[in-house]
Amino acid sequence: APSLTASQMDTGVDWLSKFGYLPPPDPVTGQLQTKEALTKAIKAMQKFGGLEETGVLDQATLVLMKTPRCSLPDLLVPEESSNRGRR
Amino acid sequence: ALPPQSKWNKRHLSWRVRTFPKESHLLGRDTIRALMYYALKAWSDIAPLDFHEVASSRADIQIDFTKADHNDGYPFDGPGGTVAHAFFPGERFSAGDTHFDDDESWTFRSPDSHGMDLFAVAVHEFGHAIGLAHTSAMESIMRPYYQGPVGDPLKYDLPYEDKVRVWQLYGVRDSVSHTIQPDDSYSAESPILLDLPENRSIILPSGDTPDRCSTAFDAVAHIRGEAFFFKGKYFWRLTREKHLVSLRPAEISRFWRGLPSNLDGVDAIYERPGDHKIVFFKGVKYWVFKDNHAEEGYPRPISDFGLPMEGVDAAFVWLHNDKTYFFKDNQYWRFDDHLRQMDTGYPKDMALWKGVPPKLDDAMRWSDGSSYFFKGTEYWQLQDSAMEVEPGFPRSVGRDWLLCTDMQSDSPATEPNVTERTHPRARNHADHAESSYEVCSCTS
Numbered sequence: 001a002p003s004l005t006a007s008q009m010d011t012g013v014d015w016l017s018k019f020g021y022l023p024p025p026d027p028v029t030g031q032l033q034t035k036e037a038l039t040k041a042i043k044a045m046q047k048f049g050g051l052e053e054t055g056v057l058d059q060a061t062l063v064l065m066k067t068p069r070c071s072l073p074d075l076l077v078p079e080e081s082s083n084r085g086r087r
Numbered sequence: 001a002l003p004p005q006s007k008w009n010k011r012h013l014s015w016r017v018r019t020f021p022k023e024s025h026l027l028g029r030d031t032i033r034a035l036m037y038y039a040l041k042a043w044s045d046i047a048p049l050d051f052h053e054v055a056s057s058r059a060d061i062q063i064d065f066t067k068a069d070h071n072d073g074y075p076f077d078g079p080g081g082t083v084a085h086a087f088f089p090g091e092r093f094s095a096g097d098t099h100f101d102d103d104e105s106w107t108f109r110s111p112d113s114h115g116m117d118l119f120a121v122a123v124h125e126f127g128h129a130i131g132l133a134h135t136s137a138m139e140s141i142m143r144p145y146y147q148g149p150v151g152d153p154l155k156y157d158l159p160y161e162d163k164v165r166v167w168q169l170y171g172v173r174d175s176v177s178h179t180i181q182p183d184d185s186y187s188a189e190s191p192i193l194l195d196l197p198e199n200r201s202i203i204l205p206s207g208d209t210p211d212r213c214s215t216a217f218d219a220v221a222h223i224r225g226e227a228f229f230f231k232g233k234y235f236w237r238l239t240r241e242k243h244l245v246s247l248r249p250a251e252i253s254r255f256w257r258g259l260p261s262n263l264d265g266v267d268a269i270y271e272r273p274g275d276h277k278i279v280f281f282k283g284v285k286y287w288v289f290k291d292n293h294a295e296e297g298y299p300r301p302i303s304d305f306g307l308p309m310e311g312v313d314a315a316f317v318w319l320h321n322d323k324t325y326f327f328k329d330n331q332y333w334r335f336d337d338h339l340r341q342m343d344t345g346y347p348k349d350m351a352l353w354k355g356v357p358p359k360l361d362d363a364m365r366w367s368d369g370s371s372y373f374f375k376g377t378e379y380w381q382l383q384d385s386a387m388e389v390e391p392g393f394p395r396s397v398g399r400d401w402l403l404c405t406d407m408q409s410d411s412p413a414t415e416p417n418v419t420e421r422t423h424p425r426a427r428n429h430a431d432h433a434e435s436s437y438e439v440c441s442c443t444s
């Protein structure tokens, strides 16, 4: 498969964070995520979206990420364990 | 974050469209209000919730068409991308509020490619507004991705998946015939049941409904992950989490459409592997249901299966091999639903199922991988691929499946059942039944 551009990778990471698949970016390290965490997040997103769980940002995954959708995250954390001030 | 208890404590919820699209050339204001009304109605049709439109700024569900960053932590991103969101129930000021991206091209009765169907998105968002989170179920309106128009708002029927989820939050909406005995003090303006979904246990069943704690069931089935217990004209339903949806049974004819109106019970039911259609057996006939509607061309004779014309006692699909097993008296058959033919070498003697009694009421598999066999007020468990009953069985069906937690007697018929002990009104009902006056009153 053709390798992803940096822009596609950034878009993917942003998307996964936005919809609850990756933890919010650490304010110190910025967007740095481990490869394992990223793979796991992609698989979770693929499973939730009904795609094959490849763990890579393949074409089908990118297409789904571009599909219009609701703003709320797919994976929700209990409120008391959230470190965010608002939903 | 999802609040720990994400549901409304009240059942009457107000709503208003606070802001309309800036360029409302596609949809007029009245159309938008009507679509909101019908999107909310999709939920209130099945759950004990009532929505009413108000002009007040204190409406529970404030609906806005807004764009970009609108100071709620969920900025919109122009056409496409995120199109709407809603806030879960709770005490916060924004609870229930629903926002649509004003940069989208909102449409109604237009082809999918022409924009975003406002009704479809509104049904989804109001699902959040009453407490539902996203789901991965393909058929659900609560999938996070826009899936196009969903048809006529006046005829829209929520997917089964979503009905079950909202029932788990609020219970099932009672129809008029589900109410307790007609009472002059009750009127449409005072829908007393609507405020009491948690207190449904105080509602007595009508005179001819069986007692779930002491009855022997006609049929038990595992359908779409849930358990259904059938007795006479009624059935009880348990969710995937084994929670009883209601203490009161529902009438079979009011949910399973297409069976004869005079049907007095069913013999066995199972969900067909492969196409997930549901098969009902009664005597020498069977019906195939797609969801809760019988398909055309039924009933048909059970000889289609290669079964004898005496009928079946029980039917279930064994998780171990995905084959369907039929039981009658002390014999059983194995059927391949994928090939639609009976396996050779059957019937066999039920003695091969060690510990399982003959002349079963029914059998089913459950999500724990086990098979369960039911007869009388007892049941037997066989784990995984075992053909031998687990130690400690039989056990009480009522106690383990149907919330009869206080049942202590082995002869429930001679003891007050749990409903009677738990609720004074029920006890009175039982006591009164012993007087000729009350019996006469009931039958009249």
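In order, the protein sequences belong to chains A and B. Using the numbering used here, the final residue of the first sequence is 87, and nothing's skipped along the way. Using the numbering used here, the final residue of the second sequence is 444, and nothing's skipped along the way. Beta carbons are placed, not taken as given, at the ideal position from N, Cα and C, and that holds for glycine.
Amino acids of chain B, ordered along the chain, whose beta-carbon sits closer than 8 Å to that of residue i
i	result
glycine 50 of chain A	Ser136 and Met138
Cutoff 8 Å; reference residue i; Cβ partners in own chain excluding five residues on either side
i	result
methionine 387 of chain B	Leu352, Trp353 and Lys354
serine 459 of chain B	The requested residue 459 of chain B is not part of the displayed model; chain B covers only 1 to 444.
leucine 154 of chain B	Tyr38
isoleucine 42 of chain A	Gly12, Leu16, Tyr21, Thr54, Gly55, Val56, Leu57 and Thr61
histidine 114 of chain B	Ser105 and Thr107
threonine 66 of chain B	Thr19, Phe76, His99, Phe100, Asp101 and Asp102
Bridge partners - residue i, DSSP secondary structure assignment
i	result
isoleucine 61 of chain B	B/Trp15
leucine 382 of chain B	B/Ser371
histidine 485 of chain B	There is no way to answer for residue 485 of chain B, as the model of chain B reaches only from 1 to 444.
tyrosine 325 of chain B	B/Phe316 and B/Arg334
valine 279 of chain B	B/Tyr270 and B/Val288
methionine 342 of chain B	B/Phe335
glutamate 226 of chain B	B/Ile223
aspartate 162 of chain B	For aspartate 162 of chain B, which the question treats as bridged, DSSP gives no partner whatsoever.
Neighbouring residues, chain A, relative to residue i (Cβ below 9 Å)
i	result
tyrosine 146 of chain B	Thr67, Pro68, Arg69 and Cys70
histidine 222 of chain B	Those within 9 Å of histidine 222 of chain B in chain A number zero; the least Cβ separation is about 24 Å.
histidine 128 of chain B	Cys70 and Leu72
Proximal chain B residues relative to residue i, where beta-carbon distance stays under 7 Å
i	result
threonine 74 of chain A	Correcting the residue type first, residue 74 of chain A is aspartate in the shown sequence and not threonine. Here the neighbours are His134 and Pro144.
Residues of its chain near residue i, where Cβ-Cβ distance is below 6 Å and the 5 sequence neighbours each way are ignored
i	result
glycine 376 of chain B	Ala216
valine 123 of chain B	Ala39, Ala42 and Ile141
glutamate 271 of chain B	Ile223 and Ile278
valine 266 of chain B	Asp218, Ala219, Phe230, Phe280 and Lys282
phenylalanine 327 of chain B	Asp313, Ala314 and Leu360
Per-residue contacts from residue i into chain B (C-beta, under 9 Å)
i	result
lysine 47 of chain A	Ser136
Neighbouring residues, chain A, relative to residue i (Cβ below 7 Å)
i	result
tyrosine 74 of chain B	Ser71
histidine 124 of chain B	Cys70
arginine 116 of chain B	In the sequence on display, residue 116 of chain B carries methionine and not arginine. Ordered by position in chain A, the residues that pass the 7 Å Cβ test against methionine 116 of chain B are Pro68.
glycine 81 of chain B	Pro68
histidine 445 of chain B	Nothing can be reported for residue 445 of chain B: it is not among the residues displayed for chain B, which extend from 1 to 444.
Proximal residues to residue i (C-beta, below 7 Å), its chain only, five neighbours per side dropped
i	result
tyrosine 170 of chain B	Lys7, Ala47, Pro48, Leu49 and Pro197
valine 284 of chain B	Pro301, Ile302, Met309 and Gly311
alanine 6 of chain A	none
glycine 49 of chain A	Leu64
alanine 59 of chain B	Ser14, Trp15 and Arg16
lysine 290 of chain B	Lys277
glutamate 52 of chain A	Gln46
Residue i - DSSP class collapsed to helix/strand/coil
i	result
histidine 114 of chain B	helix
glutamine 147 of chain B	coil
methionine 364 of chain B	strand
leucine 238 of chain B	strand
histidine 128 of chain B	helix
tryptophan 256 of chain B	coil
aspartate 336 of chain B	strand
proline 301 of chain B	strand
tryptophan 106 of chain B	strand
serine 396 of chain B	strand
Within chain A, partners of residue i - CB distance below 8 Å
i	result
alanine 84 of chain B	Cys70 and Ser71
aspartate 243 of chain B	For the record, residue 243 of chain B in the displayed sequence is histidine; it is not aspartate. Per Cβ cutoff of 8 Å: no residues; histidine 243 of chain B is ~20 Å from chain A at best.
histidine 52 of chain B	Those within 8 Å of histidine 52 of chain B in chain A number zero; the least Cβ separation is about 25 Å.
Interface flag, residue i vs chain D, CB-CB below 8 Å
i	result
phenylalanine 229 of chain B	The question asks about chain D, but that chain is absent: this structure's protein chains are A and B.
Check whether the region 330-337 of chain B and the region 285-298 of chain B touch, using three or more Cβ-Cβ pairs below 8 Å as the test. They do not touch, by the three-pair rule.
Tell me whether the region 33-49 of chain B and the region 71-91 of chain B touch, counting them as touching only if at least three CB pairs, one residue from each stretch, are closer than 8 Å. Touching, no.
Okay, do the region 120-135 of chain B and the region 65-76 of chain A touch, 3+ Cβ pairs below 8 Å being the bar? Yes, they touch.
So does the region 136-144 of chain B actually touch the region 14-33 of chain B, counting three or more Cβ pairs closer than 8 Å? Not touching, per the Cβ criterion.
Looking at C-beta atoms only, is the number of pairs between the region 87-99 of chain B and the region 51-58 of chain B that lie closer than 8 Å three or more? Counting Cβ pairs under 8 Å, fewer than three are found: no touch.
Please confirm if the region 337-348 of chain B is in contact with the region 237-244 of chain B, defined as three or more CB-CB distances below 8 Å between the two stretches. Contact check between the region 337-348 of chain B and the region 237-244 of chain B: fewer than three CB pairs, one atom from each, fall below 8 Å, which does not count as touching.
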